[in-house]
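Chemist: Before I ask anything, let me first share the structure, which is written out below as structure tokens.
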Amino acid sequence: MTETGKGRGALQEKPLSVMTLADMKRMGEKITCLTAYDASFSTLVDRGGVDIILVGDSLGMVIQGHDSTLPVTMEKMVYHTCCVVRGRQRAFVIADLPFMSYPEPNRAAVNAARLLREGQAQMVKLEGGRIRAETVRHLVTQGIPVCGHLGLLPQSVHQTGGYRVQGKDQRAAETMLEDARILQDAGAALLVLECVPAALAKKITESLAIPTIGIGAGIHCDVQVLVLYDMLGITPGKRPKFSKNFMAETGDAFSAVRAFVDAVREGRFPTEDQSF
Ligand code: KIV
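One gets the numbering used here by counting positions in the sequence shown from 1 and adding 2 to each.
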């Protein structure tokens, strides 16, 4: 039961807000998130009971066929966010600020406002630690909810030299924990942890009041997110270790989404095999 006396069933019927998500963390309820990029999949994911839809700049890879997220533009993010928002009724929608759309606070505010005004997203996500604190504070001051993103940062792939697990040594782990606290203090309301050792993600999750969204970050994150096409088994090439093809055992896309939702809520996904 929530503090307002409403159980999970009641929460599920109403459109989710940033307050509901914070409430779910406080109550220890597992939260589900999938990416979507168009209205049809948005409706399917929403009806399947997913709590958050992320319009990720992963669309650069899975929709546009690029080998990174870097070519994704603001125009494309606005277009796909509009499509997703039209398809959903209940899920909370987060849209990614693409590469170089937030080099400083004022530019970030202009672009984030486009995602909220034209795209009708409810929150924007940006990558990076303490160097983003001023930007996060500025956006939040303008009334724009922000989700941070630590660990593997796909927009910095050329700087990090590839898609690798982050925060493995003690110094990097301490820096990530500090960055997480700094982003929360700056006003971030959610925080993605991508490809982070499960023990570190647990420590960060326990030390923050805001929900953490894990992808390759172990079972202890408050939210679990997967790229939709990975969990449907339709991404070409090798599936990441942390993902799971839910369609292989269910046979259709809607049942795969339901199976993901059930597995996360019941603490059956991710397993140790899908963690670092
Ligand atoms: O773009 C995306 O899909 C993401 C998730 C992998 C978290 O940022």
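Think of the CB as a built atom: it goes at the ideal place given N, C-alpha and C, for glycine as much as any other residue.
Rounded to the nearest angstrom, what separates A219 and S277 at their Cα positions?
Modeler: Locating residue 219 in the sequence shown gives position 217, where the first residue counts as 1. Locating residue 277 in the sequence shown gives position 275, where the first residue counts as 1. In a straight line, the C-alpha of A219 is about 6 Å away from that of S277.
Chemist: Quick one: measure Cβ to Cβ for A97 and A115, integer angstroms, because I've assumed they're closer than 8 Å.
Modeler: Sequence index remark: in the sequence shown, residue 97 carries index 95 (1-based). Sequence index remark: in the sequence shown, residue 115 carries index 113 (1-based). The Cβ separation is near 12 Å, so there is no contact.
Chemist: Flag this pair as yes or no: are the beta carbons of G131 and D181 separated by less than 7 Å?
Modeler: For the purposes of this step, residue 131 is identified with residue 129 of the sequence shown, where counting begins at 1. For the purposes of this step, residue 181 is identified with residue 179 of the sequence shown, where counting begins at 1. Against a cut-off of 7 Å, the Cβ pair of D181 and G131 comes out as a contact.
Chemist: Just to check, is the beta-carbon of V86 closer than 6 Å to a non-hydrogen atom of the ligand KIV?
Modeler: Taking the first residue of the sequence shown as 1, we reach residue 86 at position 84. V86 Cβ: outside cutoff for every heavy atom of the ligand KIV.
Chemist: Specify the secondary structure class of I221 as computed by DSSP and reduced to three states.
Modeler: Along the sequence shown, one-based indexing puts residue 221 at 219. Residue state, collapsed to three classes: coil.
Chemist: Contact defined as beta carbons within less than 8 Å: I believe M178 pairs with L154. What is the distance between those atoms, to the nearest angstrom?
Modeler: Residue 178 sits at position 176 when you count from the first residue of the sequence shown. Residue 154 sits at position 152 when you count from the first residue of the sequence shown. Their Cβ separation, rounded to whole angstroms, is 11 Å, which puts M178 and L154 out of contact at 8 Å.
Chemist: Quick check on the burial criterion: 16 or more other C-beta atoms within 10 angstroms. Buried or exposed for Q226?
Modeler: The residue given as residue 226 occupies position 224 in the sequence shown. Buried, since its Cβ has 16 or more Cβ neighbours within 10 Å.
Chemist: First and last residue of the alpha helix (DSSP H) that includes D48?
Modeler: Within the sequence shown, residue 48 is the residue found at index 46, counting from 1. Looking at the DSSP string, the run of the alpha helix (DSSP H) that includes D48 is 41-49.
Chemist: Could you check where the alpha helix (DSSP H) with F256 kicks off and where it finishes?
Modeler: Looking up residue 256 in the sequence shown gives position 254. Per DSSP, F256 belongs to the alpha helix (DSSP H) from 255-267.
Chemist: I need the residues with a C-beta less than 6 Å from some heavy atom of the ligand KIV; please give them in chain order.
Modeler: That query returns the following residues: T37, L56, G58, D59, S60, D98, V194, E196, I217, V227, V229.
Chemist: For V20 and C149, I'd like the C-alpha separation in whole angstroms.
Modeler: Along the sequence shown, one-based indexing puts residue 20 at 18. Along the sequence shown, one-based indexing puts residue 149 at 147. Rounded to the nearest angstrom, the two C-alpha atoms are 10 Å apart.
Chemist: According to DSSP, what are the bridge partners of A97?
Modeler: The residue labelled residue 97 in the question sits at position 95 within the sequence shown. Its beta-bridge partners are V57, V126.
Chemist: Closer than 6 Å by C-beta to F271: which residues in its own chain qualify, once you throw out the five before and the five after it? Chain order, please.
Modeler: Walking along the sequence shown from the start, residue 271 turns up at place 269. Cβ neighbours of F271 beyond the five flanking positions: A265.
Chemist: One question on the structure: do P105 and H140 come within less than 7 Å of each other, judged by their Cβ atoms?
Modeler: Along the sequence shown, one-based indexing puts residue 105 at 103. Along the sequence shown, one-based indexing puts residue 140 at 138. Taking 7 Å as the Cβ cut-off, P105 and H140 do not qualify as a contacting pair.
Chemist: My output table needs one value for Q91: the three-state DSSP class, helix, strand or coil.
Modeler: Locating residue 91 in the sequence shown gives position 89, counting from the first residue. Here Q91 sits in coil by DSSP.
Chemist: Would you call the region 40-49 in contact with the region 85-103, where contact means no fewer than 3 C-beta pairs closer than 8 Å?
Modeler: With a cut-off of 8 Å, the region 85-103 and the region 40-49 count as touching, because enough Cβ pairs lie within range.
Chemist: Rounded to the nearest angstrom, what separates G67 and C223 at their Cα positions?
Modeler: By 1-based counting over the sequence shown, the position of residue 67 is 65. By 1-based counting over the sequence shown, the position of residue 223 is 221. About 30 Å.
Chemist: What are the uninterrupted segments assigned as alpha helix (DSSP H) that are 4 or more residues long and contained completely in the region 185-244, given in chain order?
Modeler: Counting only runs of 4 or more, we get 200-209, 230-233.
Chemist: What distance in whole Å lies between the Cβ atoms of T71 and S60, which are believed to be in contact at a cut-off of 8 Å?
Modeler: Counted from its first residue, the sequence shown places residue 60 at position 58. Counted from its first residue, the sequence shown places residue 71 at position 69. At roughly 6 Å, the Cβ-Cβ gap stays under 8 Å, so S60 and T71 are in contact.
Chemist: Can you check which of these residues, K27, I33, L18, P17, is closest to R267 by C-alpha distance?
Modeler: Numbered from its first residue, the sequence shown carries residue 267 at position 265. Ranking K27, I33, L18, P17 by Cα distance to R267 puts I33 first.
Chemist: Go ahead and pull the three-state DSSP assignment for L72.
Modeler: Sequence index remark: in the sequence shown, residue 72 carries index 70 (1-based). It is coil, neither helix nor strand.
Chemist: In angstroms with no decimal places, state the Cα-to-Cα distance between A175 and A261.
Modeler: Residue numbering aside, residue 175 sits at position 173 when the sequence shown is read from its first letter. Residue numbering aside, residue 261 sits at position 259 when the sequence shown is read from its first letter. Looking at the two C-alpha atoms, the distance is approximately 33 Å.
Chemist: Between the Cα of S103 and those of V95, V87, K78, C85, spot the shortest distance and give me the residue it belongs to.
Modeler: Here residue 103 is taken as the residue at index 101 of the sequence shown, counted from 1. Minimum Cα distance to S103 is reached at K78.
Chemist: Do the CB positions of Q186 and I212 come within less than 7 Å of each other?
Modeler: The count along the sequence shown starts at 1 and reaches residue 186 at position 184. The count along the sequence shown starts at 1 and reaches residue 212 at position 210. Result yes, Cβ atoms of Q186 and I212 sit closer than 7 Å.
Chemist: Helix, strand or coil for V112? Go by DSSP, reduced to three states.
Modeler: Along the sequence shown, read from residue 1 onward, the residue named residue 112 stands at position 110. V112 falls in the helix class under three-state DSSP.
Chemist: Could you pull the start and end residues of the beta strand (DSSP E) that T143 belongs to?
Modeler: Walking along the sequence shown from the start, residue 143 turns up at place 141. Premise fails: T143 lies in the alpha helix (DSSP H), 135-143, not in any beta strand (DSSP E).
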